[in-house]
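Please read the structure below before turning to the comments.
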Amino acid sequence: QVFELLGQRKPGQPLKLSRWRVAELAENGVLEAPEAHRQNLPDMKVLLRHMSGDSPLEAREAPAGLQASLRDYQKFGLSWLQFLRESGTHGILADDMGLGKTLQTIACLWLEQTEGRLIGPSLIVAPTSVLDNWQNELARFAPQLDYLLYYGNERKGLQAQFTPGKIVITSYAVLRNDVAELSATDWHYLVVDEAQFIKNPQSQAARSLCQLTARHKLCLSGTPIENRLAELWSLFHFLMPDLLGPYRVFQQSYAREIEADTNAGRQLAAQLRTRIQPFILRRKKESVAAELPVKTEIIRPIELSGAQAESYESVRAAMNRKISKELEDRGLAASKIVVLDALLKLRQICCDPRLYHKTDNPLPSAKLETALELIDTLLANGHRILLFSQFTSMLQLIEAELSSRKIDFRTLTGATQNRGALVESFQNEEFPVFLISLKAGGTGLNLTAADAIIHYDPWWNPAAEAQATDRSHRIGQEKPVFVYKLIAENTVEAKILELQKQKGKLAADLLDQAPETAFSQWTEEAILELFD
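The opening position of the sequence shown corresponds to residue 268 in our numbering, with each subsequent residue numbered one higher.
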């Protein structure tokens, strides 16, 4: 009941709950709990004080010694983080990518230190690709904080350094391997960066995190919902397991109806939004960072022709027959691998027929030609370029073309070792074109030296593309940013573009409180339409 009342509060506007109502809740035992359970419950006095208007959330100034000037929305974020601590609850800082979630977290940790509350070690769990970023940001914004990188072969024996006040930084991979060692420590803060990495509650990363104990837990993610409501449940299961109930009950009570986009589902979405609202803070760039330069998205349609068009049509027709039979014989649930493999083949041909035919012989690719023409034009006009692709093999083909044209470039993929040095080199404008695999470059990069972004190939999840775009369109960008999406007309890529719009609705419905509809589940008819 308290959660739902508090959920009516809008950021910065405490719910004006009458004092008699507060007293009534107190008389009904809301403020009391058996001593043995107190540590597992939020501090109801703090919650109710806030609800009654006695403790409104106000933007809090940066603590003395922080080597950064906080923007107003970041000051409010710091206040919200402190509210979570004071009330004994946990939450998700879900600001858009590029709004400074790392800085707000560091400001909170430094405030804890300066006010004498950092009485135990704190743990930050992040993807391997952003460990350097955390070290750099801590050293830059709060150099007085004592941090330790718990990573690599040298980490054995470092547990003795998990001392009060220490900020320990580690990766999801190390967490999975060293969960016994890390769970032996009672952490003060447990910060989970890029928390969408635990969106699958059955994953080893999610299970490992749930074994750790901490006074305060915080998830950082610009995309707490990417595809399904189960992802949001997984984050809250780690933070506050009782808030959304058991997984099966949540699926039956909320997810099924909301994802089916029924009238009942819309009402349930409003109820769910009310329940989670106090514990999730989300701001969008257009509302809090109006000073950011404009971002212009341009869909560049590409018509396949000649051998590429013939190859696509031949494979499409074959896959259409194959998928139709597979769905008829085995049903959708048992056919997903076959469907994804068929989609992969069609996407490869759209990018470059050589990806599908596995040949080095030059074959016509309308998309590659368009991309190279676009790169030439952008460079001639003084732009600096990020080019993203799902396929590292496609990046290799682009590399060969850029080399033949004597265009200076670098490539970043999951296999890249000198990630930090490459980023610094690009930021210093030492080369103009950066080829990046979407998976490796979607998080943890600050590439504001770029003002032109090319998405070579689309994928279902619009959040992945948005994260990649926001490597450039973020705080610190001073130029207008142009985003080009290369889409092969009359192909599966054009249909993916339409599906992207649908997949963004679920997150918007619950987090942004905007659209009235939510993403619908896949059907056999929708699958067949992709191959039609």
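Even for Gly, the Cβ is constructed at its ideal location relative to N, Cα and C.
Length of the line joining the Cα atoms of residue i and residue j
{"i": "residue 575", "j": "residue 502", "result": "44 Å"}
{"i": "residue 405", "j": "residue 592", "result": "56 Å"}
{"i": "residue 693", "j": "residue 590", "result": "44 Å"}
{"i": "residue 302", "j": "residue 355", "result": "Interpretation of residue 302 is limited by its pLDDT of 43, a score under 50 that renders its predicted location unreliable; no figure is taken from the coordinates."}
{"i": "residue 608", "j": "residue 582", "result": "12 Å"}
{"i": "residue 387", "j": "residue 453", "result": "7 Å"}
{"i": "residue 497", "j": "residue 522", "result": "7 Å"}
{"i": "residue 621", "j": "residue 633", "result": "12 Å"}
{"i": "residue 795", "j": "residue 541", "result": "37 Å"}
{"i": "residue 572", "j": "residue 792", "result": "28 Å"}
{"i": "residue 664", "j": "residue 643", "result": "16 Å"}
{"i": "residue 392", "j": "residue 683", "result": "21 Å"}
{"i": "residue 514", "j": "residue 630", "result": "50 Å"}
{"i": "residue 603", "j": "residue 493", "result": "19 Å"}
{"i": "residue 625", "j": "residue 616", "result": "11 Å"}
{"i": "residue 797", "j": "residue 600", "result": "17 Å"}
{"i": "residue 527", "j": "residue 422", "result": "47 Å"}
{"i": "residue 357", "j": "residue 339", "result": "22 Å"}
{"i": "residue 305", "j": "residue 457", "result": "In this predicted model, residue 305 has a pLDDT of only 41, less than 50, meaning its place in the structure is not dependable; the value taken from the coordinates is given anyway. So the alpha carbons of these two residues sit roughly 20 Å apart."}
{"i": "residue 524", "j": "residue 509", "result": "21 Å"}
{"i": "residue 598", "j": "residue 507", "result": "37 Å"}
{"i": "residue 584", "j": "residue 596", "result": "19 Å"}
{"i": "residue 325", "j": "residue 382", "result": "19 Å"}
{"i": "residue 401", "j": "residue 538", "result": "36 Å"}
{"i": "residue 564", "j": "residue 459", "result": "31 Å"}
{"i": "residue 529", "j": "residue 519", "result": "14 Å"}
{"i": "residue 671", "j": "residue 628", "result": "16 Å"}
Integer-rounded CB distance, given that residue j should sit under 8 Å from residue i
{"i": "residue 330", "j": "residue 377", "result": "5 Å"}
{"i": "residue 371", "j": "residue 344", "result": "4 Å"}
{"i": "residue 556", "j": "residue 742", "result": "6 Å"}
{"i": "residue 414", "j": "residue 398", "result": "11 Å between Cβ atoms; not a contact."}
{"i": "residue 740", "j": "residue 365", "result": "7 Å"}
{"i": "residue 359", "j": "residue 462", "result": "7 Å"}
{"i": "residue 549", "j": "residue 361", "result": "4 Å"}
{"i": "residue 725", "j": "residue 760", "result": "6 Å"}
{"i": "residue 342", "j": "residue 353", "result": "Actually they do not touch by this definition, with Cβ atoms about 16 Å apart."}
{"i": "residue 680", "j": "residue 704", "result": "4 Å"}
Best match in the options for proximity to residue i [C-alpha to C-alpha]
{"i": "residue 641", "options": "415, 619, 749", "result": "749"}
{"i": "residue 702", "options": "794, 474, 678", "result": "678"}
{"i": "residue 745", "options": "550, 628, 562, 508", "result": "562"}
{"i": "residue 544", "options": "760, 792, 351", "result": "351"}
{"i": "residue 425", "options": "410, 751, 411, 441", "result": "441"}
{"i": "residue 517", "options": "367, 536, 473", "result": "536"}
{"i": "residue 451", "options": "614, 390, 492, 578", "result": "390"}
{"i": "residue 489", "options": "328, 792, 738, 765", "result": "738"}
{"i": "residue 448", "options": "480, 460, 464, 459", "result": "480"}
{"i": "residue 578", "options": "614, 538, 347", "result": "614"}
{"i": "residue 654", "options": "638, 647, 667, 644", "result": "638"}
{"i": "residue 706", "options": "733, 719, 605", "result": "733"}
{"i": "residue 715", "options": "550, 500, 747", "result": "747"}
{"i": "residue 611", "options": "600, 623, 531", "result": "623"}
{"i": "residue 403", "options": "436, 422, 423", "result": "436"}
{"i": "residue 697", "options": "327, 717, 645, 423", "result": "717"}
{"i": "residue 336", "options": "560, 324, 367, 353", "result": "367"}
{"i": "residue 758", "options": "520, 597, 460, 580", "result": "580"}
{"i": "residue 729", "options": "460, 491, 459, 410", "result": "491"}
Contact check, residue i vs residue j, beta carbons under 7 Å
{"i": "residue 690", "j": "residue 662", "result": "no"}
{"i": "residue 723", "j": "residue 660", "result": "no"}
{"i": "residue 385", "j": "residue 455", "result": "yes"}
{"i": "residue 755", "j": "residue 547", "result": "no"}
{"i": "residue 495", "j": "residue 471", "result": "no"}
{"i": "residue 373", "j": "residue 408", "result": "yes"}
{"i": "residue 487", "j": "residue 505", "result": "no"}
{"i": "residue 669", "j": "residue 676", "result": "yes"}
{"i": "residue 752", "j": "residue 566", "result": "yes"}
{"i": "residue 375", "j": "residue 333", "result": "no"}
{"i": "residue 799", "j": "residue 552", "result": "no"}
{"i": "residue 395", "j": "residue 438", "result": "yes"}
{"i": "residue 478", "j": "residue 446", "result": "yes"}
{"i": "residue 594", "j": "residue 619", "result": "no"}
{"i": "residue 856", "j": "residue 652", "result": "For residue 856 there is no data in the structure shown, the boundaries of the chain being 268 and 799."}
{"i": "residue 485", "j": "residue 500", "result": "no"}
{"i": "residue 416", "j": "residue 434", "result": "no"}
{"i": "residue 646", "j": "residue 560", "result": "no"}
Any non-hydrogen atom of the ligand FMN closer than 6 Å to residue i Cβ
{"i": "residue 361", "result": "Among the components modelled here there is no ligand, and therefore nothing to report on the ligand FMN."}
Where are the beta strand (DSSP E) runs, 3 residues long or more, that stay fully inside the segment 439 to 514, in chain order? Within the segment 439 to 514, complete beta strand (DSSP E) segments of at least 3 residues are found at 453 to 459, 480 to 487, given in chain order.
Runs of beta strand (DSSP E) wholly within the segment 693 to 749 (minimum 3 residues, chain order): 700 to 704, 719 to 722
Kindly provide the ranges of any beta strand (DSSP E) runs that are 3 or more residues long and lie completely inside the segment 553 to 609, ordered along the chain. Within the segment 553 to 609, the runs of beta strand (DSSP E) at least 3 residues long that lie entirely inside it are, in chain order, 562 to 569.
At what residue ranges does the segment 605 to 680 contain a whole run of the beta strand (DSSP E), taking only runs of 3 or more? Taken in chain order, the whole beta strand (DSSP E) runs of length 3 or more contained in the segment 605 to 680 are 652 to 656, 676 to 679.
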